[in-house]
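Heads up, the thing below is written out as structure tokens.
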Amino acid sequence: MWLVTLADLALLLVGFFVLIQATRAQPSALAHSLRAGFATDEPALPVAAEGVMGFAPGSAVVPDGGAAITAWARGVLADPRVSLTVTGATDGTAADVDGVTGSASLLAADRARAVAAILAPLAPRRITVSTASARARGVTVTLAFTGDHQDKKP
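Numbered by the working numbering, the letters in the sequence shown go through residues 9 to 162 in order.
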């Protein structure tokens with residue numbers, strides 16, 4: 009019994025040495041492949057949120073011109089490790105739809121894009137636009153910690 013365990017350990021040790029020798033010329037390739045094997049594409053969890061409410065039914069015009077949300081975003085985007093997700097929504101009524109297409113989803117996207125356009129000068133590469141099926145005539149801006157965005161080599 010102990011001989012089988014010893015043989016298993018020896019094979020693991022041999023396999024480890026083979027792995028080291030195979031990546032001897034490019035140690036960064038090993039680091040990259042191990043990182044890719046354990047990487048996930050899960051979205052970052054939001055840690056703060058702010059909203060723009062009070063859109064007129066069927067309209068994507070930002071109610072206050074975006075002054076309040078811009079002030080909030082300017083403060084939170086001072087940290088280069090955070091990103092914003094701008095999520096537009098409609099209230100689900102027949103009046104709160106896009107005037108041309110009659111689509112509530114398109115109006116929600118237009119509302120999110122209108123707020124994102126106001127926030128874009130602050131940090132355009134750290135803003136994502138999405139829609140939701142929430143029952144509110146508004147836009148929610150969530151802040152998530154997404155880590156260091158500097159290009160670093162392993």
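Note that beta-carbon positions come from the ideal geometry of N, C-alpha and C, so glycine has one too.
Small disclaimer: the values here were computed from a predicted structure and weren't measured.
C-beta contact flag for residue i and residue j at 8 Å
i, j, result
"residue 98", "residue 108", "no"
"residue 84", "residue 127", "no"
"residue 117", "residue 148", "no"
"residue 103", "residue 45", "no"
"residue 154", "residue 57", "no"
"residue 152", "residue 47", "no"
"residue 96", "residue 120", "yes"
DSSP bridge partner residues for residue i (one or two, in chain order)
i, result
"residue 150", "57 and 93"
"residue 98", "143"
Continuous beta strand (DSSP E) stretch holding residue i: start and end
i, result
"residue 142", "135–143"
Nearest candidate by alpha-carbon position, reference residue i, set the options
i, options, result
"residue 1", "68, 88 and 45", "As displayed, the chain neither begins before 9 nor continues past 162, which places residue 1 out of reach and without an answer."
"residue 132", "145, 91 and 96", "91"
"residue 78", "64, 39, 122 and 24", "122"
"residue 68", "145, 15 and 155", "145"
"residue 73", "125, 135, 41 and 15", "125"
"residue 54", "143, 37 and 136", "136"
Where the alpha helix (DSSP H) containing residue i begins and where it ends
i, result
"residue 84", "75–84"
"residue 6", "Lying before the first or after the last residue shown, residue 6 is absent from the chain, which here runs from 9 to 162."
"residue 116", "112–127"
"residue 130", "Segment: none, residue 130 is in no alpha helix (DSSP H) and carries neither H nor E."
"residue 46", "35–46"
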